[in-house]
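Take the sequence shown: its letters are residues 18 to 268, numbered as in my numbering. Quick reminder that beta carbons are idealized off the backbone N, C-alpha and C, glycines included.
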Amino acid sequence: NLETADLVALGTNGIKALSSSQVAALSTSEVAAMTSAQVGTLSSAQVAGLSSTQVAAIETQDLRALSTSATARLATDLIHALTTDQVAALTTAQVAALSSAQFGALTTSGIVALNSADVAALNSSQARALSSDQVAALETGDLRALGTTAIRAVGTDQLNALGTDQMGALTTTQVAALGSQQIANLGTTNLNALNTQQFANMSSAQLGAMTTTQVAAMETADLVAVGSSGLRAWNSGQVAAMGTDQLAALT
């Protein structure tokens with residue numbers, strides 16, 4: 018094995034010249050000794066052969082130097098093995114470069130370690146790959162940063178995994194972006210976690226997609242916020258599902 022001082026002395030050109038098998042044979046101490054510039058020169062092929070212990074040995078400031086193309090070649094088990102400090106150290110560009118499979122491999126602790134800018138950069142494929150546990154782990158401030166295209170891609174089961182605080186924290190723009198199927202599959206607890214402003218900004222298509230069970234469970238203040246728009250969007254069955262208190266609130 019190379020002495021760590023010798024490895025550093027190789028410089029960036031020396032690291033580039035190493036074969037994938039040679040990089041895979043580096044000890045954790047040798048990996049840890051690499052400079053940010055050297056880590057930044059690792060190719061996609063070299064990175065693809067790294068082990069979880071090698072990746073764990075990369076210092077956080079050095080990990081940030083990894084190119085987006087190389088980041089995209091990290092195996093899913095390596096992504097899963099990233100520490101929270103390492104995930105937090107990733108640049109927004111690196112997070113955006115992760116494939117849906119890689120993003121789905123992040124631990125819930127890793128999800129928590131993402132910042133709002135990282136979450137805002139997620140594309141629809143990454144959002145679709147989120148598990149229920151990952152969605153539930155999103156901090157409310159980060160959740161509010163999720164783009165409308167991304168939130169529309171979140172699965173119905175995953176959306177229902179959100180806590181009531183998370184649902185209430187969604188922006189009116191995010192709620193307005195939800196698809197009809199997403200609305201129709203919301204549990205009544207999560208539906209009632211929405212505030213009056215969120216209901217007031219729903220489209221006719223979203224309101225029309227609500228089930229009779231959802232309509233019957235609506236709080237009177239939310240019904241008032243929906244007002245005539247809701248009544249026009251609902252069919253006779255949905256209107257008939259309203260209780261006397263709900264009807265009285267509309268008069």
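Would a C-beta distance cut-off of 9 Å place residue i and residue j closer than the cut-off?
i	j	result
residue 151	residue 117	no
residue 202	residue 173	yes
residue 207	residue 179	yes
residue 51	residue 94	no
residue 187	residue 169	no
residue 211	residue 185	yes
residue 189	residue 222	no
residue 119	residue 163	no
residue 138	residue 110	yes
residue 219	residue 235	no
By a C-beta neighbour count over all protein chains shown, 10 Å radius and 16 as the cutoff for buried, is residue i buried or exposed?
i	result
residue 265	exposed
residue 88	buried
residue 127	buried
residue 239	buried
residue 135	buried
residue 262	exposed
residue 159	buried
residue 181	exposed
residue 198	exposed
residue 254	exposed
residue 58	buried
Comparing the C-beta of residue i with each C-beta of chain B, is any distance below 9 Å?
i	result
residue 189	Absence of chain B from the displayed structure is noted, only one protein chain being present.
Practice item. Please list the segments of the beta strand (DSSP E) lying wholly inside the segment 173-234, counting only runs of 3 or more residues, in order along the chain. Key: none
**Study point:** Inside the segment 76-150 only - alpha helix (DSSP H) runs reaching at least 4 residues
**Key:** 77-80, 85-88, 93-98, 101-106, 109-114, 117-121, 125-130, 133-137 and 141-146
Review point. Curious, which full-length alpha helix (DSSP H) runs of at least 4 residues does the segment 23-52 contain?
Key: 28-34, 37-41 and 45-50
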